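Peer 1: Structure in structure tokens, see below.
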Amino acid sequence: MQNEAGEMTDLYIPRKCSATNRLITAKDHASVQINVGHLDESGVYTGQFSTFALSGFIRAQLFLSGDRVFALGFLRRAYSAFRGGVGASECWRGGGGRRRRSNNMARGLKKHLKRLNAPKHWMLDKLGGAFAPKPSSGPHKARECLPLILILRNKLKYALTYREVIAILMQRHVMVDGKVRTDKTYPAGFMDVVSIPKTNENFRLLYDTKGRFRLHSVRDEEAKFKLCKVRSVRFGQKGIPYLNTYDGRTIRYPDPLIKANDTIKLDLETNKIVDFIKFDVGNVVMVTGGRNTGRVGVIKNREKHKGSFETIHVQDATGHEFATRMGNVFTVGKGTKPWVSLPKGKGIKLSIIEEARKRLAAAGATATA
Numbered sequence: 001m002q003n004e005a006g007e008m009t010d011l012y013i014p015r016k017c018s019a020t021n022r023l024i025t026a027k028d029h030a031s032v033q034i035n036v037g038h039l040d041e042s043g044v045y046t047g048q049f050s051t052f053a054l055s056g057f058i059r060a061q062l063f064l065s066g067d068r069v070f071a072l073g074f075l076r077r078a079y080s081a082f083r084g085g086v087g088a089s090e091c092w093r094g095g096g097g098r099r100r101r102s103n104n105m106a107r108g109l110k111k112h113l114k115r116l117n118a119p120k121h122w123m124l125d126k127l128g129g130a131f132a133p134k135p136s137s138g139p140h141k142a143r144e145c146l147p148l149i150l151i152l153r154n155k156l157k158y159a160l161t162y163r164e165v166i167a168i169l170m171q172r173h174v175m176v177d178g179k180v181r182t183d184k185t186y187p188a189g190f191m192d193v194v195s196i197p198k199t200n201e202n203f204r205l206l207y208d209t210k211g212r213f214r215l216h217s218v219r220d221e222e223a224k225f226k227l228c229k230v231r232s233v234r235f236g237q238k239g240i241p242y243l244n245t246y247d248g249r250t251i252r253y254p255d256p257l258i259k260a261n262d263t264i265k266l267d268l269e270t271n272k273i274v275d276f277i278k279f280d281v282g283n284v285v286m287v288t289g290g291r292n293t294g295r296v297g298v299i300k301n302r303e304k305h306k307g308s309f310e311t312i313h314v315q316d317a318t319g320h321e322f323a324t325r326m327g328n329v330f331t332v333g334k335g336t337k338p339w340v341s342l343p344k345g346k347g348i349k350l351s352i353i354e355e356a357r358k359r360l361a362a363a364g365a366t367a368t369a
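Counted the way UniProt numbering counts, the sequence shown spans residues 1 to 369.
Structural data, given as structure tokens:
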């Protein structure tokens with residue numbers, strides 16, 4: 001900076017403080033040396049301090065125009081960050097244009113989902129668009145649910161486009177667990193009952209042996225209840241007992257015999273517990289997670305590992321045994337008889353050779369017919 005006489009002087013940036021006046025000076029040198037000094041009440045520059053701490057960072061960030069240094073605003077912010085104890089990487093964000101301090105504030109929920117990042121069991125074609133429906137907040141996790149738009153458009157084929165799905169839902173034709181749902185991305189999940197009174201149809205969401213959701217058609221009698229896995233049993237205020245289920249329900253005053261990992265039979269009209277199934281050896285279960293998702297069998301053994309996951313050994317109807325974690329097991333009936341009807345295949349997973357033979361037999365039967 002030039003004074004009235006044309007001589008080069010320092011760039012003084014006064015900064016008001018409660019006790020003293022501090023300033024930053026930037027000398028017009030080739031090395032762009034930064035000096036941080038103190039200005040007393042008499043106006044005498046008493047010297048520099050902490051030059052080494054700031055010079056390396058500021059030297060890399062200064063903007064040069066010819067042989068002049070234009071960094072007044074930058075020096076103010078850098079000095080303020082230095083006095084406040086904030087690191088350079090925390091104070092500045094990358095990118096061109098005007099620089100500003102970053103406020104580490106949350107930006108809220110992401111409202112988009114790329115199609116390639118969608119769950120595989122949704123079975124969306126890769127070239128069908130860039131985006132997939134983002135599930136709303138609800139009783140099931142985003143990667144363990146099936147949005148209503150996929151049920152009506154991709155599974156049931158009642159709609160061909162996005163707008164047609166909205167038109168159907170806005171007419172209040174779709175019910176989930178006995179309640180009308182108008183949110184196109186409402187997350188329906190395992191054991192949920194999807195009802196369409198206009199067509200007198202009821203579907204229960206279950207898994208097949210490949211881990212994909214199946215809309216299993218059920219009768220009206222079976223559509224009046226659902227099975228819920230108990231997550232925890234606790235005591236609230238004034239010692240009131242309550243339990244939490246896998247789909248976010250809270251039920252007060254349950255049966256004292258109901259414990260965590262048990263299954264309750266819930267009446268969807270009254271939201272009351274009708275019956276319950278203990279998580280014991282000998283009861284039939286369905287696997288809801290892991291590589292054995294969708295398989296149905298009877299609990300044969302429980303292995304408790306202190307400090308690790310508890311392992312459950314299951315045997316299916318064909319005699320094949322497999323093991324999975326306790327969190328992946330959902331009890332669906334007492335003994336060997338399930339309380340809900342199962343989809344085609346009855347939860348029996350076939351090997352690759354067995355599937356090939358089954359396809360050949362079906363093709364041969366079709367050819368002879």
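Glycine included, each C-beta is placed from N, C-alpha and C at the ideal position. Bear in mind that the values here come from a model prediction, so they are computed numbers and not experimental data.
Could you give the first and the last residue of the continuous alpha helix (DSSP H) run that contains Arg359?
Peer 2: Position 359 of the sequence shown holds residue 359. Residues 352-368.
Peer 1: If you draw a straight line from the C-alpha of Glu310 to the C-alpha of Ile299, how long is it?
Peer 2: Looking up residue 310 in the sequence shown gives position 310. Looking up residue 299 in the sequence shown gives position 299. Whole-angstrom Cα-Cα distance: 13 Å.
Peer 1: If the criterion is Cβ atoms closer than 8 Å, does the pair His121 and Phe213 meet it?
Peer 2: Translated into positions along the sequence shown, residue 121 becomes position 121. Translated into positions along the sequence shown, residue 213 becomes position 213. Yes, they are a contact pair.
Peer 1: In three-state terms, what does DSSP make of Val285?
Peer 2: Reading the sequence shown from its first residue, position 285 is the one you call residue 285. Correct three-state label for Val285: strand.
Peer 1: Counting only the same chain and skipping the five closest in sequence on each side, list residues whose C-beta sits under 7 Å from that of Asn328.
Peer 2: As a first step, residue 328 must be located in the sequence shown, where it is residue number 328. Excluding residues within five positions, the ones whose Cβ falls inside 7 Å are Val287, Thr288, Gly289, Gly290.
Peer 1: Whole-angstrom Cβ separation of Val230 and Ile196, contact assumed at under 8 Å?
Peer 2: Taking the sequence shown and counting its residues from 1, the one referred to as residue 230 is at position 230. Taking the sequence shown and counting its residues from 1, the one referred to as residue 196 is at position 196. Val230 to Ile196, Cβ: 30 Å. No contact.
Peer 1: If we count Cβ pairs, one from each stretch, closer than 8 Å, do we get three or more for the region 267-277 versus the region 218-229?
Peer 2: Yes, since at least three Cβ pairs between the region 267-277 and the region 218-229 fall closer than 8 Å, the two stretches touch.
Peer 1: Taking the straight line between their C-alpha atoms, what separation do you get for Thr336 and Gly297?
Peer 2: Looking up residue 336 in the sequence shown gives position 336. Looking up residue 297 in the sequence shown gives position 297. Cα to Cα, Thr336 sits roughly 8 Å from Gly297.
Peer 1: Throw me the rounded Cβ distance for the Pro187 and Pro147 pair, which I believe falls under 8 Å.
Peer 2: Here residue 187 refers to the residue found at position 187 when the sequence shown is read from its first residue. Here residue 147 refers to the residue found at position 147 when the sequence shown is read from its first residue. That belief holds up - the Cβ atoms of Pro187 and Pro147 are roughly 6 Å apart, short of 8 Å.
Peer 1: Count the other CB atoms within 10 Å of the CB of Arg204; is the residue buried (16 or more) or exposed (fewer)?
Peer 2: By one-based count along the sequence shown, residue 204 stands at place 204. Result: buried.
Peer 1: Would you call the CB atoms of Phe279 and Asn261 closer than 8 Å?
Peer 2: Against the sequence shown, residue 279 aligns to sequence position 279. Against the sequence shown, residue 261 aligns to sequence position 261. Contact flag set, yes.
Peer 1: Are Val165 and Val176 closer than 8 Å when you measure CB to CB?
Peer 2: In the sequence shown, the residue the question calls residue 165 occupies position 165. In the sequence shown, the residue the question calls residue 176 occupies position 176. Going by C-beta atoms, Val165 is not nearer than 8 Å to Val176.
Peer 1: Nearest by alpha-carbon distance to Thr293: which of Gly307, Ile149, Asp316, Asn283 is it?
Peer 2: Indexing the sequence shown from 1 puts residue 293 at position 293. The option with the nearest alpha carbon to Thr293 is Asp316.
Peer 1: For the region 178-192 against the region 125-144, do three or more pairs of beta-carbon atoms, one drawn from each stretch, fall closer than 8 Å, so that the two count as touching?
Peer 2: At 8 Å Cβ cutoff, the stretches touch.
Peer 1: Do you know whose CA, among Ser351, Ile353, Ile251, Thr324, lies nearest Ser232's CA?
Peer 2: Residue mapping note: residue 232 aligns to position 232 of the sequence shown, counting from 1. Considering only alpha carbons, the answer is Ile251.
Peer 1: To the nearest angstrom, how far is it from the Cα of Gly56 to the Cα of Asn104?
Peer 2: By one-based count along the sequence shown, residue 56 stands at place 56. By one-based count along the sequence shown, residue 104 stands at place 104. Only weak support is given to the placement of Gly56: the predicted model assigns it a pLDDT of 41, under 50, and the value that follows is read from those uncertain coordinates. Going by the C-alpha atoms only, they are around 25 Å apart.
Peer 1: Please classify Thr324 as buried or exposed, where buried requires at least 16 neighbouring CB atoms within 10 angstroms.
Peer 2: The residue labelled residue 324 in the question sits at position 324 within the sequence shown. Looking at its Cβ environment, which holds 16 or more other Cβ atoms inside 10 Å, Thr324 is buried.
Peer 1: Assign Glu321 to one of three DSSP states: helix, strand, or coil.
Peer 2: Taking the first residue of the sequence shown as 1, we reach residue 321 at position 321. The answer is strand: DSSP assigns Glu321 an E or B state.
Peer 1: Could you give the distance in angstroms between the alpha-carbon of Trp339 and the alpha-carbon of Leu150?
Peer 2: Here the question's residue 339 lines up with position 339 in the sequence shown. Here the question's residue 150 lines up with position 150 in the sequence shown. Their Cα atoms are separated by approximately 27 Å.
Peer 1: Which residues mark the beginning and the end of the beta strand (DSSP E) in which Arg181 is found?
Peer 2: Indexing the sequence shown from 1 puts residue 181 at position 181. Where Arg181 is concerned, there is no enclosing beta strand (DSSP E), given that its DSSP letter is neither H nor E.
Peer 1: Is Met123 helix, strand or coil when you go by DSSP?
Peer 2: Within the sequence shown, the letter at position 123 stands for residue 123. Three-state result, Met123: coil.
Peer 1: Alpha carbon to alpha carbon, how far is Asn271 from Gly333?
Peer 2: As a first step, residue 271 is located in the sequence shown; it is residue number 271 there, counting from the start. As a first step, residue 333 is located in the sequence shown; it is residue number 333 there, counting from the start. If you take the alpha carbons of Asn271 and Gly333, they lie about 20 Å apart.
Peer 1: I'd like the span of the alpha helix (DSSP H) that includes Ala167, first residue to last.
Peer 2: Here residue 167 corresponds to residue number 167 of the sequence shown, with the count starting at 1. Per DSSP, Ala167 belongs to the alpha helix (DSSP H) from 162-170.
Peer 1: Among the candidates Asn154, Asn202, Glu321, Leu243, whose CA atom is the shortest distance from the CA of Pro256?
Peer 2: Locating residue 256 in the sequence shown gives position 256, where the first residue counts as 1. Measuring from the Cα of Pro256, the nearest candidate turns out to be Leu243.
Peer 1: Between Arg115 and Gly128, how many whole angstroms is the CB-CB distance? I'm expecting something under 8 Å.
Peer 2: Taking the first residue of the sequence shown as 1, we reach residue 115 at position 115. Taking the first residue of the sequence shown as 1, we reach residue 128 at position 128. Right, the Cβ-Cβ distance comes to about 7 Å (below 8 Å), so this counts as a contact.
Peer 1: If we call anything under 8 Å between Cβ atoms a contact, is Leu109 one with Ala118?
Peer 2: Position 109 of the sequence shown holds residue 109. Position 118 of the sequence shown holds residue 118. In this structure, Ala118 does not lie closer than 8 Å to Leu109 by Cβ.
Peer 1: Just mark Phe63 as buried or exposed, buried being the case when its beta carbon has 16 or more other beta carbons within 10 Å.
Peer 2: For the purposes of this step, residue 63 is taken as residue 63 along the sequence shown, with counting starting at 1. Here Phe63 scores only 37 on pLDDT, less than 50, and its place in the model is too uncertain to base an answer on.
Peer 1: Using beta-carbon positions only, say whether Ser308 and Val218 come within less than 8 Å of one another.
Peer 2: In the sequence shown, residue 308 corresponds to position 308, counting from 1. In the sequence shown, residue 218 corresponds to position 218, counting from 1. Contact: no.
Peer 1: Hey, how far is the Cα of Lys210 from the Cα of Ile352?
Peer 2: In the sequence shown, residue 210 corresponds to position 210, counting from 1. In the sequence shown, residue 352 corresponds to position 352, counting from 1. For Lys210 and Ile352, the distance between alpha carbons rounds to 12 Å.
Peer 1: Given a threshold of 16 other Cβ atoms within 10 Å of its Cβ, counted over all protein chains shown, does His190 qualify as buried or as exposed?
Peer 2: Counting from one through the sequence shown, the residue named residue 190 turns up at place 190. In the sequence as presented, His is not what sits at residue 190; that position holds Phe. Flag for Phe190 reads buried.
Peer 1: Pro187 lies in the beta strand (DSSP E); which residues open and close that run?
Peer 2: The residue given as residue 187 occupies position 187 in the sequence shown. Per DSSP, Pro187 belongs to the beta strand (DSSP E) from 187-189.
Peer 1: Starting from Phe309 and walking both ways along the beta strand (DSSP E), at which residues does that stretch end?
Peer 2: Residue mapping note: residue 309 aligns to position 309 of the sequence shown, counting from 1. Where Phe309 is concerned, there is no enclosing beta strand (DSSP E), given that its DSSP letter is neither H nor E.
Peer 1: Within the region 239-293, note down every full beta strand (DSSP E) run reaching 3 residues or more, in order along the chain.
Peer 2: The region 239-293 contains these whole beta strand (DSSP E) runs: 241-245, 250-252, 263-267, 272-277, 284-287.
Peer 1: Quick one: what does DSSP say Asn202 is sitting in, helix, strand or coil?
Peer 2: Position 202 of the sequence shown holds residue 202. In this structure, Asn202 counts as strand in the three-state DSSP scheme.
Peer 1: Taking DSSP's pairing of strands, which residues face His132 in a bridge?
Peer 2: For the purposes of this step, residue 132 is identified with residue 132 of the sequence shown, where counting begins at 1. Reading the sequence as shown, one finds Ala at residue 132 and not His. Per DSSP, Leu113.
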